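K.L.:
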Amino acid sequence: MAGALAFAATTFFATAARADNRTPHGYQLFIERMDTGEYAAEPFTQDGKSLYWPGYKKLCAVLRDEHVSPHYGYVQIDVRTIEALWAVQQYLIRDGIDAPIVVHSGYRTPQTNAAIEGAARMSLHMWGKAVDFHVPGVSLDELAGICRACPISGGVGYYPEGWVHLDTGPRRFWVG
Numbered sequence: 123m124a125g126a127l128a129f130a131a132t133t134f135f136a137t138a139a140r141a142d143n144r145t146p147h148g149y150q151l152f153i154e155r156m157d158t159g160e161y162a163a164e165p166f167t168q169d170g171k172s173l174y175w176p177g178y179k180k181l182c183a184v185l186r187d188e189h190v191s192p193h194y195g196y197v198q199i200d201v202r203t204i205e206a207l208w209a210v211q212q213y214l215i216r217d218g219i220d221a222p223i224v225v226h227s228g229y230r231t232p233q234t235n236a237a238i239e240g241a242a243r244m245s246l247h248m249w250g251k252a253v254d255f256h257v258p259g260v261s262l263d264e265l266a267g268i269c270r271a272c273p274i275s276g277g278v279g280y281y282p283e284g285w286v287h288l289d290t291g292p293r294r295f296w297v298g
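Heads up: the sequence shown begins at 123 in the working numbering, then just goes up one per residue.
1) Using DSSP's beta-bridge definition, name the partner residues of F166.
2) Which residues in the same chain have their Cβ closer than 7 Å to the Cβ of D157, if we skip the five residues on either side of it in sequence?
3) Which residues in the same chain as I219 place their Cβ atom closer than 8 Å to its Cβ, once the five residues preceding and following it in sequence are excluded?
4) With distances taken Cα to Cα, identify the nearest neighbour of L151 among L173, Q211 and P292.
5) Buried or exposed for R270, going by 16 or more other Cβ atoms inside 10 Å?
6) Sorted by chain position, which residues of the same chain lie with C-beta nearer than 7 Å to A206's C-beta, five sequence neighbours on each side aside?
7) Assign R243 to one of three DSSP states: helix, strand, or coil.
8) Taking all protein chains shown into account, do 16 or more other C-beta atoms lie within 10 angstroms of the C-beta of H193, making it buried, or fewer, making it exposed?
9) In the DSSP output, what is L151 paired with across the bridge?
10) Determine the direct distance from the alpha carbon of M248 to that of A311, and round the result to whole angstroms.
11) Which of helix, strand or coil does DSSP assign to G279?
12) Is G228 buried or exposed, if buried means 16 or more other CB atoms sit within 10 Å of its CB?
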């Protein structure tokens, strides 16, 4: 099943660039923060090229380190990371799954990263280039396969505890 899913996802990502997956307001991403319940359904680009700052800032706020007060503002998340999440979500929507990406971890301060057992010392989370997430109704096997097929993604980690890691670093795959 995972092989068929990966093939289907590869085919989707190869043709998605030709499809019009935009809302009238641009490329919209639906995310929810698992621990805080914060939610954003925001366009982050108006034309697929230039950022739509109000939407981008709201997405970044949801992807911030939850151990830091939102009163300190937001950290700019790597746009390619947001684009990768959007591409994965578009694949799921086309497959009939219209659910938010539920974020376990986005940006992390060095202090938060150091406090997480097993976290990479130079984790891409500290640069806003990684997200740990799941999608309700989608198995982790399926989600990891979709992420691996996404040409924007770099590293994909499969964590049986309940999430998939996606980053925009070098291409690699692991099971945590």
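All residues carry an ideal CB built from backbone N, CA and C; glycine is no exception.
Just so you know, these numbers come straight off a predicted model, no measurement behind them.
P.N.:
Reading it off the structure:
1) Numbered from 1 along the sequence shown, position 44 holds the residue referred to as residue 166. Paired residue(s): none; F166 is not in a bridge.
2) On the sequence shown, residue 157 is found 35 positions in, with the first residue counted as 1. Once the five neighbours on either side are set aside, the close Cβ partners of D157 are E188.
3) Mapped onto the sequence shown, residue 219 falls at position 97. V257, G259 and V260, listed in sequence order.
4) The residue labelled residue 151 in the question sits at position 29 within the sequence shown. The shortest C-alpha separation from L151 is found at Q211.
5) The count along the sequence shown starts at 1 and reaches residue 270 at position 148. It counts as buried.
6) Stepping through the sequence shown from its first residue, residue 206 is reached at position 84. So the qualifying residues of the chain are C272, I274, S275, L288 and T290.
7) As a working mapping, residue 243 is identified with position 121 in the sequence shown. Coil, per DSSP.
8) On the sequence shown, residue 193 is found 71 positions in, with the first residue counted as 1. H193 comes out exposed.
9) Here residue 151 corresponds to residue number 29 of the sequence shown, with the count starting at 1. DSSP lists E164 as partners of L151.
10) Residue 311 cannot be examined here, being either before or after the span of the chain that is shown, 123 to 298.
11) Here residue 279 corresponds to residue number 157 of the sequence shown, with the count starting at 1. Strand.
12) To locate residue 228, count along the sequence shown from 1; it is residue 106. Label assigned to G228: buried.
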